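Undergrad: Got a structure for you, questions after.
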Amino acid sequence: MGVVQPFTSLVHIRLVLANYGSAFDSCRPALRLSACALSLAGLLLAAPAPQKSQGPKAPPPPDYSAEGVQALEAQKYDAAVEAFSKAIAADPKDYFAHFNLGLAYTFLNKIPEGLAEYRKTLELKPGLYEAELNAGILLMRQKNPAEAEPLLAHAVEQKPKEFRPRFYLAQALLATGDNAKAAEHFTAAAELDPKSAGAQLGLAQALARQDHLDAAAPHFRQAAQLDPSYQDALLELAALYEKAKQPAQAIELYRQFPGNAAAQERLGELLLETKKYGEAIPRLEEAYTKDPTAPNRVALAAAYLFNQQVEKALPLLEKSVNEDPSNYDLRLMYARALRDLKRYPLAARQFFEATKLKPDSRETWNDLAGMLYLAGNLESALAAFDRSRQLGDNSAANFYFHAIIQDKLQQYKPALESYERFLSLSQGQRPDEEFKARQRIKVIQKELSKR
3 MGVVQPFTSL VHIRLVLANY GSAFDSCRPA LRLSACALSL AGLLLAAPAP QKSQGPKAPP
63 PPDYSAEGVQ ALEAQKYDAA VEAFSKAIAA DPKDYFAHFN LGLAYTFLNK IPEGLAEYRK
123 TLELKPGLYE AELNAGILLM RQKNPAEAEP LLAHAVEQKP KEFRPRFYLA QALLATGDNA
183 KAAEHFTAAA ELDPKSAGAQ LGLAQALARQ DHLDAAAPHF RQAAQLDPSY QDALLELAAL
243 YEKAKQPAQA IELYRQFPGN AAAQERLGEL LLETKKYGEA IPRLEEAYTK DPTAPNRVAL
303 AAAYLFNQQV EKALPLLEKS VNEDPSNYDL RLMYARALRD LKRYPLAARQ FFEATKLKPD
363 SRETWNDLAG MLYLAGNLES ALAAFDRSRQ LGDNSAANFY FHAIIQDKLQ QYKPALESYE
423 RFLSLSQGQR PDEEFKARQR IKVIQKELSK R
């Protein structure tokens, strides 16, 4: 009766093994078959042959394999390890015991030990389908696809109509970069199990890595449709659309994640990049409210600026500059916002701080000079324009500003030279300024003639 009991408890064994998802992810059907087949086969081989009664006999030796199966059935995995270890000690070549010991170890999440037992099983029984499949899956869990691939490939050869070996082989091929073959096997896996979201996602990824984004997109969507837990596949597709310079498609996908702060942040940034400023603002406001990071703050400030809502942008930019004072681009953004609001002295201060960060930027020196001029600080403005010229700015505009500032400071001789140089460079490109320059030249020449 001790040998018959596990047969009558086969349903219980299956129930135990059906709970094995934490160890093998989505491979439970394959493992259920593998484990039960070998356990029962082991019991059959271990069962003593019927004998005629010959009087009193010595008690039979303990059946450790049967004890191990009963322990697995009761989810007593430590006890199963102990029982199967004793079975192996009694017979080191008992590949059934090695396989089931590997299974017990895997239930305990002792993956290296379980893998070692599957390898021993294959050493004793080369090509055993169940051991190849389980070992391949564990190797994938260990991120060792190169070693898993041949085991899984042979398992596929043995049972080409089984989903699990096909699926895991495809994953191994994808991980090793053989995207074309991975796509073949994911396609076959999806045909074997049309409801597998994992197969659809794997096929999508394999196609995308071959730059077949149009072919991959339906499979990303199918994965998300088959299993709600695969919704992130759509975010992966959105990122691929961005990489392919297809922002409209990415925007459409990000809109489907209103509760995802990161997706809404990226949606706002894409709307900003595509100049849909009014639509970008509420997305970026929500993202900043939920996650008030510096990048979210700057993105929202930029949206306000582009949408002509400079007053709203100003406190965000001030906070950003205070937090990151060495950020040149932030300084310029803040300075220009102040300039747009005609707060010239404050803008000049920010442009001056920016020149410290990039002292060789002619553009920043010109911006500083312009703010100083508008703030009425003529001598400092002239010095800033001088610095820009030293850095190579010999434009007509630079000489014109030199001229008008020198003129206001009554530095008539240098002003005359600057006006004349401006006219020689402008050559009809700035008719209004050229007219003013000619008029001032006449006035300055009269003034100089009196001296």
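Whatever position you read off the sequence shown (first residue = 1), add 2 for this note's numbering.
Glycine included, each C-beta is placed from N, C-alpha and C at the ideal position.
Treat the numbers as computed from the prediction; the structure is a model and nothing was measured.
Just to confirm my understanding: we take residue 348, look at its own chain, exclude 5 residues before and 5 after, and list those with CB closer than 6 Å. What are they?
TA: So the list reads 340, once near-sequence residues are dropped.
Undergrad: Should residue 159 go down as buried or exposed, given a rule of 16 or more other Cβ atoms within 10 Å for buried?
TA: Exposed is the call here.
Undergrad: Helix, strand or coil: how does DSSP classify residue 246 here?
TA: Three-state DSSP puts residue 246 in coil, outside helix and strand.
Undergrad: The alpha helix (DSSP H) with residue 91 in it runs from where to where?
TA: Start and end: 79 to 92.
Undergrad: By the DSSP assignment, the alpha helix (DSSP H) with residue 448 in it spans what residues?
TA: From DSSP, the alpha helix (DSSP H) with residue 448 extends over 433 to 451.
Undergrad: Tell me where the alpha helix (DSSP H) around residue 369 begins and ends.
TA: Where residue 369 is concerned, the enclosing alpha helix (DSSP H) stretches over 364 to 376.
Undergrad: Assign residue 188 to one of three DSSP states: helix, strand, or coil.
TA: If DSSP states are grouped into helix, strand and coil, residue 188 belongs with the helices.
Undergrad: Please report the straight-line C-alpha distance between residue 106 and residue 173, rounded to a whole angstrom.
TA: The straight-line gap from Cα to Cα measures roughly 25 Å.
Undergrad: Using 8 Å as the threshold, is the C-beta distance between residue 376 and residue 346 below it?
TA: Yes; because the gap between Cβ atoms is below 8 Å, this pair is in contact.
Undergrad: Kindly give me the distance between the Cβ atoms of residue 366 and residue 356, rounded to whole angstroms, as I take these residues to be in contact under 8 Å.
TA: Confirmed, Cβ separation roughly 5 Å.
Undergrad: Alpha carbons only, please: which of 81, 424 and 68 is nearest the one belonging to residue 399?
TA: The residue with the shortest Cα to Cα distance from residue 399 is 424.
Undergrad: Which word fits residue 91, buried or exposed, when buried means at least 16 other C-beta atoms lie within 10 angstroms of its C-beta?
TA: Flag for residue 91 reads exposed.
Undergrad: From this set, 438, 275, 408 and 66, which residue's C-alpha is nearest residue 244's C-alpha?
TA: Considering only alpha carbons, the answer is 275.
Undergrad: Please state whether DSSP places residue 270 in a helix, a strand or coil.
TA: In the structure shown, residue 270 sits in a helix (DSSP, three-state: H, G or I).
Undergrad: Using the rule of at least 16 other Cβ atoms within 10 Å of the residue's Cβ for burial, across every protein chain shown, is residue 147 buried or exposed?
TA: When all chains shown are included, residue 147 counts as buried.
Undergrad: Tell me the residue span of the alpha helix (DSSP H) that contains residue 390.
TA: First-last of the alpha helix (DSSP H) with residue 390: 380 to 392.
Undergrad: What number of angstroms, rounded off, separates the C-alpha of residue 176 from the C-alpha of residue 310?
TA: Those two C-alpha atoms are separated by around 48 Å.
Undergrad: Determine contact between the stretch 319 to 327 and the stretch 277 to 295, defined as no fewer than three beta-carbon pairs at a distance below 8 Å.
TA: Too few Cβ pairs lie closer than 8 Å, so no.
Undergrad: Who are the Cβ neighbours of residue 232 in its own chain at under 7 Å, not counting the five residues just before and after it?
TA: Correct list, in chain order: 199, 203, 225 and 226.
Undergrad: On the criterion of 16 or more Cβ atoms from any shown chain inside 10 Å, does residue 238 qualify as buried, or is it exposed?
TA: Under this definition residue 238 is a buried residue.
Undergrad: Going along the chain, which unbroken runs of the alpha helix (DSSP H) with 4 or more residues stay wholly within the stretch 103 to 148?
TA: Counting only runs of 4 or more, we get 113 to 126 and 131 to 143.
Undergrad: Taking residue 132 and residue 169 to be in contact with their CB atoms under 8 Å, please state how far apart those CB atoms are, rounded to whole angstroms.
TA: 16 Å between Cβ atoms; not a contact.
Undergrad: What are the start and end residues of the alpha helix (DSSP H) that includes residue 224?
TA: Taken as a continuous stretch (DSSP letters only), the alpha helix (DSSP H) holding residue 224 covers 215 to 228.
Undergrad: For residue 76, does the three-state DSSP call read helix, strand or coil?
TA: DSSP places residue 76 in coil when its eight states are reduced to three.
Undergrad: Just curious, the alpha helix (DSSP H) that residue 402 is in, first and last residue?
TA: Looking at the DSSP string, the run of the alpha helix (DSSP H) that includes residue 402 is 398 to 410.
Undergrad: How about residue 380 and residue 410: do their beta carbons lie closer than 8 Å?
TA: Yes, these two residues count as a Cβ contact at 8 Å.
Undergrad: Taking a contact to mean a Cβ-Cβ separation below 8 Å, would you say residue 205 touches residue 188 in this structure?
TA: It is a contact, given that the beta carbons lie within the stated cut-off.
Undergrad: Check this for me: beta carbons of residue 208 and residue 190, under 8 Å apart or not?
TA: Against a cut-off of 8 Å, the Cβ pair of residue 190 and residue 208 comes out as no contact.
Undergrad: Just to confirm the assignment, what range does the alpha helix (DSSP H) spanning residue 354 have?
TA: Here the alpha helix (DSSP H) through residue 354 covers 346 to 359.
Undergrad: Assuming residue 99 and residue 86 form a contact by the criterion Cβ under 8 Å, report the distance between their Cβ atoms to the nearest whole angstrom.
TA: Yes, they are in contact, since the Cβ atoms of residue 99 and residue 86 sit about 5 Å apart, within 8 Å.
Undergrad: Since residue 270 contacts residue 282 with CB under 8 Å, what's their CB separation in whole angstroms?
TA: Sure, about 5 Å apart at Cβ, within 8 Å.
Undergrad: Below 7 Å CB to CB, which residues in the same chain sit around residue 81 once its five sequence neighbours on both sides are set aside?
TA: Excluding sequence neighbours, residue 81 sits near 73.
Undergrad: Considering only residues of the same chain and omitting the five flanking positions on each side of residue 263, which have a CB-CB separation below 7 Å?
TA: Answer for residue 263: 289, 292 and 293, listed in chain order.
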